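Notes to accompany the following structure.
Residue numbers (the numbering used here): 339 to 626.
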């Protein structure tokens, strides 16, 4: 849950427009493919001549991106004016790490359908991965002009605001994400990070607590809350969090060092209110 730096961005959602069962939007490629009854072949679909789009979606769900790219390319040859094919191939290219090709396909999808919010988000994600946050921000802003409360666009834009140190803007975006997706632990954690940088420790601790509730076995949740407690001058709670972390990850050198420092401070004379807390380590960069 510690994606604070812009250096590496996780794909928060891999989405494919699938046929024939209407249009479905699969946020993660882990759902089982729709099965036809018995051994009867799937009926032909006028929206997917040759079945290439459907086969591409199924390959992409299995993370077989090269096969997916080949199928989506055939779908584009059959339907060169259909935005779904460019969007799908761009998503597969992104999954395969072929960012320049993905960028071109998302751009083509936008040319065909200028109000396609998913294409703006897809292109923005690629631009983030290419370390072009300002251009990515333009795409997320455009997506939010079309759909103001889209959680993915808000999530990505909040990520950029965090990277720029625009804490209040990040808080506002993550508030929308949390309202729409209340189980999103990462959104709580990144909003907490923004609160912490504004020295709003009560709010930061509350958000870290909610993040921990979404994934109680993630040691970083306790680490980050321990830092917030220490910065707020509550070393007792910081010690409790570090001990909880070490129950999950006993060999964590950072937590061991922090705990030792806090316990040493406790055994010494009490620090006056407002004293400088134990320095916080810079959060590690995440791979989304």
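Ideal Cβ positions, reconstructed from N, Cα and C, are used throughout, including at glycine.
As the structure is a prediction and not an experimental result, all values here were calculated from the model.
Whose C-beta lies closer than 7 Å to the C-beta of residue 440 among residues of the same chain, with five residues either side of it excluded?
Taking the chain shown and counting its residues from 1, one reaches residue 440 at position 102. Counting only Cβ-Cβ distances below 7 Å, and skipping sequence neighbours, we find 428, 431, 432 and 464.
Would you report the Cα separation of residue 569 and residue 539, rounded to the nearest angstrom?
Taking the first residue of the chain shown as position 1, residue 569 is located at position 231. Taking the first residue of the chain shown as position 1, residue 539 is located at position 201. Straight-line Cα distance between these residues: approximately 8 Å.
Alpha helix (DSSP H) runs wholly inside the region 455–512, at least 4 long, in chain order
455–467, 471–484 and 489–502
Sufficient close CB pairs (3 or more, under 8 Å) joining the region 448–456 to the region 467–475:
no
Do residue 489 and residue 461 come within 9 Å of each other at the CB atom, strictly closer than that value?
The residue labelled residue 461 in the question sits at position 123 within the chain shown. The residue labelled residue 489 in the question sits at position 151 within the chain shown. Going by C-beta atoms, residue 461 is not nearer than 9 Å to residue 489.
Confirm, please, whether the CB-CB distance from residue 527 to residue 508 is below 9 Å.
Numbered from 1 along the chain shown, position 170 holds the residue referred to as residue 508. Numbered from 1 along the chain shown, position 189 holds the residue referred to as residue 527. Result no, Cβ atoms of residue 508 and residue 527 do not sit closer than 9 Å.
Does DSSP put residue 602 in a helix, in a strand, or in coil?
Residue mapping note: residue 602 aligns to position 264 of the chain shown, counting from 1. Note: residue 602 maps to helix in three-state DSSP.
Return yes when the Cβ of residue 600 is within less than 9 Å of the Cβ of residue 584, no when it is not.
In the chain shown, counting from the first residue as 1, residue 584 sits at position 246. In the chain shown, counting from the first residue as 1, residue 600 sits at position 262. Result no, Cβ atoms of residue 584 and residue 600 do not sit closer than 9 Å.
Counting only the same chain and skipping the five closest in sequence on each side, list residues whose C-beta sits under 6 Å from that of residue 477.
Counted from its first residue, the chain shown places residue 477 at position 139. So the qualifying residues of the chain are 458, 461 and 462.
Would you check if the distance between the CB atom of residue 386 and the CB atom of residue 415 is smaller than 9 Å?
One-based indexing of the chain shown puts residue 386 at position 48. One-based indexing of the chain shown puts residue 415 at position 77. Going by C-beta atoms, residue 386 is not nearer than 9 Å to residue 415.
Return yes when the Cβ of residue 500 is within less than 9 Å of the Cβ of residue 474, no when it is not.
For the purposes of this step, residue 474 is taken as the residue at position 136 of the chain shown. For the purposes of this step, residue 500 is taken as the residue at position 162 of the chain shown. Cβ distance not < 9 Å, so residue 474 and residue 500 don't count as in contact.
Helix, strand or coil: how does DSSP classify residue 408 here?
Walking along the chain shown from the start, residue 408 turns up at place 70. Correct three-state label for residue 408: helix.
At the level of alpha carbons, what is the spacing between residue 397 and residue 566?
The residue labelled residue 397 in the question sits at position 59 within the chain shown. The residue labelled residue 566 in the question sits at position 228 within the chain shown. Residue 397 and residue 566 have their C-alpha atoms roughly 44 Å apart.
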